[in-house]
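FYI, the numbering for the sequence shown is 805 to 1060, going by the numbering used here.
In this text, a Cβ means the ideal position worked out from N, Cα and C, and glycines have one as well.
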Amino acid sequence: MDLKQLAERIDQHQRTGRDMDKVTIEHPSLNVNDAYDIQKMCIDFAQERGDKMVGWKMGLTSKAKQISVGVDEPIYGRLTQSMELSEPVLHMDQLIHPRVEPEIAFVLNKELGGEHVTPRDVWMATECIFPAIEVIDSRYKNFSFTLVDVIADNASSTKFILGDQAFSPYHTAWDEMGVAMYRNGEMLHSGTGAAVLGHPVRSVAMLAKMLSRTEQTIKPGMVVLVGGFTEAIDVNSGDHVEVRYEKLGSLNLDVT
Ligand code: OOG
Ligand code: MG
């Protein structure tokens, strides 16, 4: 089985926003390592076209998210410049079935890596924290996939936006911080940072440990999305999403 060919296929669907069959239907023997190799190849193609890696995302770090997609272990994905929205507007063209998640993002000021990274190491390497919204859009039909499929599809990464205001890592207790997500004025989901592995800092530590398996590190300046605090919501043209973060203000997103 040619991993590069599979990566080319996924990359094409990521670019054109057309859905596809799960790669494991045709290739049931693909494993998690193959899937991360495919994910990396897709990002290499994007970089060859001039895109640039700006960070990482953790996914499926909360029970609510794991249950909603039926995959029960955390995964990571890669974030590029072209995924970052500069304005709080999401255009539906070239998207398949986008969903929105309330998140926070750590931005590091030191390299972080190794299999023994602790929450303490993460705090020592954190420059600031932003409220964030992630837009995921699985390339697979019906937003349905196995662990291997979703990793190969870059953990459904599509777009993200950070708030304008950065906060000190010591601004609040991030596990106690509440978020509430509204679509067109209706509150659909709420939760706290503790939903993410007990404390969002653990998600960054886990990412560093997962990356150490392939001798990678999180570089200074990189953004790390820690994973959705709650289940994601579907959005369509005309929707307005607001996420209210306790002690951080709100982020908005208009879908057009
Ligand atoms: C996988 C990506 C999950 C999160 O924050 O948990 C994710 C998916 O649900 O498609 O981004
Ligand atoms: Mg997410």
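- V983 and Y974 have their C-alpha atoms roughly 18 Å apart.
- In this structure, G863 is the residue among V1045, A929, G917 and G863 with its C-alpha nearest to the C-alpha of S942.
- For H1044, the uninterrupted beta strand (DSSP E) run begins and ends at H1044 to Y1049, by DSSP.
- Taking the CA atoms as reference points, M928 sits about 27 Å from A959.
- Under the DSSP assignment, E852 falls in the alpha helix (DSSP H) whose first and last residues are V836 to E852.
- In summary, I871 is exposed, with fewer than 16 beta-carbon neighbours lying within 10 Å of its beta-carbon over all protein chains present.
- A Cβ-Cβ separation of about 3 Å places G859 in contact with V1027 under the 8 Å criterion.
- Burial is judged here by how many other beta carbons sit within 10 angstroms of a residue's own beta carbon; H993 has at least 16 and is buried.
- Set against 6 Å, the gap from the CB of E888 to the closest heavy atom of the ligand MG is not smaller.
- With 16 or more other CB atoms across the displayed protein chains lying within 10 angstroms of its CB, S866 is buried.
- Three or more beta-carbon pairs drawn from the stretch 814 to 823 and the stretch 933 to 948 are found closer than 8 Å, and the two stretches are therefore classed as touching.
- Contact residues of the ligand MG (beta-carbon closer than 7 Å to any heavy atom; chain order) are K861, G863, E905, E907, E938, I940, L1029, G1031 and G1032.
- Note on T1060: under 16 other CB atoms within 10 angstroms of its CB, so exposed under the neighbour-count rule.
- The ligand OOG never approaches V836 closely enough for any of its heavy atoms to be under 6 Å from the residue's Cβ.
- Counting of Cβ neighbours within 10 angstroms places R1006 among the buried residues, the total reaching 16 or more.
- Burial is judged here by how many other beta carbons sit within 10 angstroms of a residue's own beta carbon; P1004 has at least 16 and is buried.
- If you look at W927, you'll find it in the alpha helix (DSSP H) that goes P923 to M928.
- Secondary structure at V911: strand, using DSSP grouped into helix, strand and coil.
- H831 and G1031 have their C-alpha atoms roughly 28 Å apart.
- Only residues of its own chain outside the window of five on either side were considered, and among them Y986, S1054 and N1056 have a CB closer than 7 Å to the CB of E1046, listed in chain order.
- In this structure, F1033 lies near G995, with their beta-carbon atoms less than 7 Å apart.
- Cβ-Cβ separation between L1029 and E907: approximately 5 Å, consistent with a contact (criterion under 8 Å).
- With a cut-off of 8 Å on Cβ pairs, the stretch 947 to 956 is not in contact with the stretch 913 to 930, counting fewer than three such pairs.
- Scanning its chain for C-beta atoms nearer than 6 Å, with the 5 sequence neighbours on each side dropped, one finds around L889 the residues K963 and I965, in chain order.
- For P935, the pairing in a beta bridge is given by DSSP as I908.
- Under the DSSP assignment, K867 falls in the alpha helix (DSSP H) whose first and last residues are K867 to V873.
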